[in-house]
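A.B. asks: I have a structure here, written as structure tokens, and I will follow up with some questions on it.
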Amino acid sequence: MVIARAAYAYDRGITGKGVTIAVLDTGINRSTPEFAGRISADSTGFEQRIARCGTCPAETLAPYAIDDRQGHGTTVASVALAARNGSGPQGLAPEATLLALKIVGPDLSGQTAGSTGPIPESESANAMLIAPAIRYAVEKGAFVSVLSLNGFGTGQIAQDQRAAMDQVRLADRLLVNSVDNATGQDSFTGQFAENFVGTDRANKDWFLFAIGVDQNGNPRSANGNAGPLADRMLAAGGNDVQVVDKDGNVVSVTGNSFAAPAVAGAAALLKQYWPQLGGKAISRILLDTATDAGAPGVDAVFGAGILNVEKAMQAQAPASSFAVADAVLTRFSSLTTSAPFGGSAAAATLTRQVGGMTVFDRYGRDYGMTGSTGVHARGSGLVAGAVFGQTDVPWRAAQAEAARFGFASNVGAYSGLRPAVPAVVSFAPAAGQRVTLGTNVAIGGGTGLAGSPLRGVASMPVGSMSA
Ligand SMILES: [Ca+2]
Ligand SMILES: [Ca+2]
Numbered sequence: 096m097v098i099a100r101a102a103y104a105y106d107r108g109i110t111g112k113g114v115t116i117a118v119l120d121t122g123i124n125r126s127t128p129e130f131a132g133r134i135s136a137d138s139t140g141f142e143q144r145i146a147r148c149g150t151c152p153a154e155t156l157a158p159y160a161i162d163d164r165q166g167h168g169t170t171v172a173s174v175a176l177a178a179r180n181g182s183g184p185q186g187l188a189p190e191a192t193l194l195a196l197k198i199v200g201p202d203l204s205g206q207t208a209g210s211t212g213p214i215p216e217s218e219s220a221n222a223m224l225i226a227p228a229i230r231y232a233v234e235k236g237a238f239v240s241v242l243s244l245n246g247f248g249t250g251q252i253a254q255d256q257r258a259a260m261d262q263v264r265l266a267d268r269l270l271v272n273s274v275d276n277a278t279g280q281d282s283f284t285g286q287f288a289e290n291f292v293g294t295d296r297a298n299k300d301w302f303l304f305a306i307g308v309d310q311n312g313n314p315r316s317a318n319g320n321a322g323p324l325a326d327r328m329l330a331a332g333g334n335d336v337q338v339v340d341k342d343g344n345v346v347s348v349t350g351n352s353f354a355a356p357a358v359a360g361a362a363a364l365l366k367q368y369w370p371q372l373g374g375k376a377i378s379r380i381l382l383d384t385a386t387d388a389g390a391p392g393v394d395a396v397f398g399a400g401i402l403n404v405e406k407a408m409q410a411q412a413p414a415s416s417f418a419v420a421d422a423v424l425t426r427f428s429s430l431t432t433s434a435p436f437g438g439s440a441a442a443a444t445l446t447r448q449v450g451g452m453t454v455f456d457r458y459g460r461d462y463g464m465t466g467s468t469g470v471h472a473r474g475s476g477l478v479a480g481a482v483f484g485q486t487d488v489p490w491r492a493a494q495a496e497a498a499r500f501g502f503a504s505n506v507g508a509y510s511g512l513r514p515a516v517p518a519v520v521s522f523a524p525a526a527g528q529r530v531t532l533g534t535n536v537a538i539g540g541g542t543g544l545a546g547s548p549l550r551g552v553a554s555m556p557v558g559s560m561s562a
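Residue numbers (the numbering used here): 96 to 562.
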């Protein structure tokens, strides 16, 4: 957690609250305070079809209770979600909700043709349960699923895993899979991961690999790898990680299994901060903002680099871009308030309330900026956009359902302005009044902004109306 620089998020009150992380594993310790009140009631095991022996008929096994007998699931969940409660470990997203999905198979040792009665659970996963668990996680609203497990499955298993991952893509969620611990093991080719992502790579943008490093960012001496998917791999703490175990004890664990929930926890933090972003954008941000290590750029040992929550939460645009954005907004933003809206008094209020700007970086993340958005009082009439010198002002039809309107405009030197989907902000300058500002421009190619990662600027007031 320290290596992931997540304190930056907590200092801003971002803890993963309201975001659900699914952990597909051996279950969960329900009694430790580390997950108290945050284990989703939807947590569950799954029915499975098995045969007790080679000559036994198939039968349906009821879901196992989610209690963690083996222990792996609790330790993995701990890295993502353990409470920030002043004791024991703390997860990356200490207030996120845990959807514990138990995918262990049955222990068939000793079962014979004449056996009856309950079949105990094993300590291993049933690969056939992975796909149903992923689908279930999507259905239950989990933003990110953690699979600290590797293996291979062909035929129906492969088809089901692909179909399940298609659902992750369609819902714009995320799946984080640990890299195999075995030295030199390609964890993608012919593995579950390739089933998920597809030989056509169609689901690649919603999938991340995670690999463990120590608290100093050093790789393990021998480890598995992401095969051809190194560009979708992040490194995170995976050596001597403090976790709570199935019996509630604090223990130290090592393995790539513990890097995956760190990445998932970081994704949950970003999801809370920018709920409008999905798995594709958030995974892209985490990859782009990872701290490069080892060989320059993407490499087989660190993938895209070491997970860096602090950088992931900062605007990804140079300061100069924001200065240019400020200049653009100062020049072209104007809202004139007429007497019905309170004249100069309302203008003062508006200045306080909308004297800032919302700037979007290249991922569509919004950041507040303080700037001079030019709110003016006027004696009569409500004129919006009057400062646009040369303008084609094609007013768009009012959208009744949103009670808003706006226009797109060519504004000379800043011809990079282009129409975009209108955004709307509403506020009340006085009792019974509501002003709606429609913003429908994005700046991408204007002077000083061309080539900049800062691609959009909103909060240019272009219209207002009372309601
Ligand atoms: Ca704790
Ligand atoms: Ca590198």
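For each residue, glycine too, the CB sits at the ideal point set by N, CA and C.
Inspect the beta-carbon positions of Leu194 and Thr115 and report whether they are closer than 8 Å.
C.D. replies: A contact, by the Cβ cut-off of 8 Å.
A.B. asks: Alpha carbon to alpha carbon, how far is Pro128 from Val346?
C.D. replies: Rounded to whole angstroms, Pro128 to Val346 spans 15 Å at the Cα level.
A.B. asks: Exposed or buried, what is Ala146 when buried is set at 16 or more other beta-carbons lying within 10 Å of its beta-carbon?
C.D. replies: With fewer than 16 other Cβ atoms within 10 Å, it is exposed.
A.B. asks: With H, G and I counted as helix, E and B as strand and the rest as coil, what does DSSP make of Glu289?
C.D. replies: Correct three-state label for Glu289: helix.
A.B. asks: If you reduce the DSSP assignment to three classes, tell me which class Met408 lands in.
C.D. replies: Coil, per DSSP.
A.B. asks: Tell me Thr192's beta-bridge partners as DSSP assigns them.
C.D. replies: Note: Thr192 sits in a beta bridge opposite Thr115.
A.B. asks: Quick one: what does DSSP say Arg100 is sitting in, helix, strand or coil?
C.D. replies: Coil, per DSSP.
A.B. asks: Between Ile98 and the rest of its own chain, which residues show a CB-CB distance below 6 Å, the 5 nearest in sequence each way excluded?
C.D. replies: These residues qualify, in order along the chain: Gln310, Gly332.
A.B. asks: What residues sit near ligand 2, counting only those whose C-beta is closer than 7 Å to one of its heavy atoms, in chain order?
C.D. replies: Going along the chain, the residues that qualify are Asp387, Ala388, Gly389, Ala390, Pro391, Gly392, Val393, Asp394, Phe397, Gly400.
A.B. asks: Determine the closest residue to Val271 out of Ala104, Asn351, Arg164, Pro189, with distance taken between C-alpha atoms.
C.D. replies: Selected option, being the one with the closest Cα: Asn351.
A.B. asks: Any heavy atom of ligand 3 inside 7 Å of the beta-carbon of Ala101?
C.D. replies: Ligands in the displayed structure: ligand 1 and ligand 2; ligand 3 is not one of them.
A.B. asks: In angstroms with no decimal places, state the Cα-to-Cα distance between Ala297 and Pro215.
C.D. replies: Cα to Cα, the separation comes out at about 38 Å.
A.B. asks: Given that a residue counts as buried once 16 or more other Cβ atoms are within 10 Å of its Cβ, and exposed if not, what is Leu265?
C.D. replies: It is exposed - the Cβ of Leu265 has fewer than 16 other Cβ atoms within 10 Å.
A.B. asks: With a threshold of 7 Å, establish whether the CB of Glu129 neighbours any heavy atom of ligand 1.
C.D. replies: At least one heavy atom of ligand 1 is nearer than 7 Å to the Cβ of Glu129, so yes.
A.B. asks: Across the region 99 to 106 and the region 396 to 406, are there enough close Cβ pairs to call them in contact, namely three or more that are closer than 8 Å?
C.D. replies: Touching, yes.
A.B. asks: Quick one: residues in its chain with C-beta nearer than 6 Å to the C-beta of Ile387, no 5 flanking neighbours on either side, listed in chain order?
C.D. replies: Reading off the sequence, residue 387 comes out as Asp, not Ile. Gly400.
A.B. asks: Taking the straight line between their C-alpha atoms, what separation do you get for Asp137 and Lys235?
C.D. replies: Their Cα atoms are separated by approximately 7 Å.
A.B. asks: Which word fits Glu289, buried or exposed, when buried means at least 16 other C-beta atoms lie within 10 angstroms of its C-beta?
C.D. replies: It counts as buried.
A.B. asks: Tell me where the alpha helix (DSSP H) around Gln143 begins and ends.
C.D. replies: That residue, Gln143, is in no alpha helix (DSSP H); its beta strand (DSSP E) goes 143 to 146.
A.B. asks: From Asn276 to Gly168, what distance separates their C-alpha atoms?
C.D. replies: Going from the Cα of Asn276 to the Cα of Gly168 covers about 17 Å.
A.B. asks: Around the Cβ of Arg460, are there at least 16 other Cβ atoms within 10 angstroms (buried) or fewer (exposed)?
C.D. replies: By the neighbour-count rule (16 or more Cβ atoms within 10 Å), Arg460 is buried.
A.B. asks: According to DSSP, simplified to helix, strand and coil, what is Ala359?
C.D. replies: Ala359: helix per DSSP, three-state reduction.
A.B. asks: Indicate, with yes or no, if ligand 1 has a heavy atom lying under 7 Å from the CB of Pro184.
C.D. replies: Yes, the beta carbon of Pro184 sits closer than 7 Å to at least one heavy atom of ligand 1.
A.B. asks: May I have the straight-line CA-CA distance separating Gly200 from Asp261, to the nearest angstrom?
C.D. replies: One C-alpha to the other measures close to 24 Å.
A.B. asks: Given 7 Å as the limit, tell me if Ala178 has its C-beta closer than that to any heavy atom belonging to ligand 1.
C.D. replies: Yes.
A.B. asks: Is it buried or exposed, Arg107, if we count other Cβ atoms within 10 angstroms and call 16 or more buried?
C.D. replies: The residue is exposed, with fewer than 16 neighbouring Cβ atoms inside 10 Å.
A.B. asks: Which complete alpha helix (DSSP H) runs does the region 180 to 264 hold, if anything under 4 residues is left out?
C.D. replies: The region 180 to 264 contains these whole alpha helix (DSSP H) runs: 225 to 234.
A.B. asks: From what residue to what residue does the beta strand (DSSP E) around Ile306 run?
C.D. replies: It spans 302 to 308 - the beta strand (DSSP E) in which Ile306 sits, taken as one unbroken run.
A.B. asks: What number of angstroms, rounded off, separates the C-alpha of Ala175 from the C-alpha of Asp162?
C.D. replies: Rounded to whole angstroms, Ala175 to Asp162 spans 18 Å at the Cα level.
A.B. asks: Please state the DSSP three-state secondary structure of Asn313.
C.D. replies: Looking at Asn313 - three-state DSSP - the assignment turns out to be coil, as it is neither helix nor strand.
A.B. asks: Which of the three DSSP states, helix, strand or coil, is assigned to Leu270?
C.D. replies: Here Leu270 sits in strand by DSSP.
A.B. asks: Suppose you measure from the CA of Arg257 to the CA of Ala222; what does that come to, to the nearest Å?
C.D. replies: Each residue's Cα considered, the two are about 13 Å apart.
A.B. asks: From Ser273, Ser378, Asn124, Phe283, pick the residue whose C-alpha is nearest to that of Gly322; which is it?
C.D. replies: Closest by alpha carbon: Phe283.
A.B. asks: Taking only three categories from DSSP, how would you classify Asp383?
C.D. replies: In this structure, Asp383 counts as helix in the three-state DSSP scheme.
A.B. asks: Is Val358 closer than 8 Å to Leu329 when the C-beta atoms are compared?
C.D. replies: Taking 8 Å as the Cβ cut-off, Leu329 and Val358 qualify as a contacting pair.
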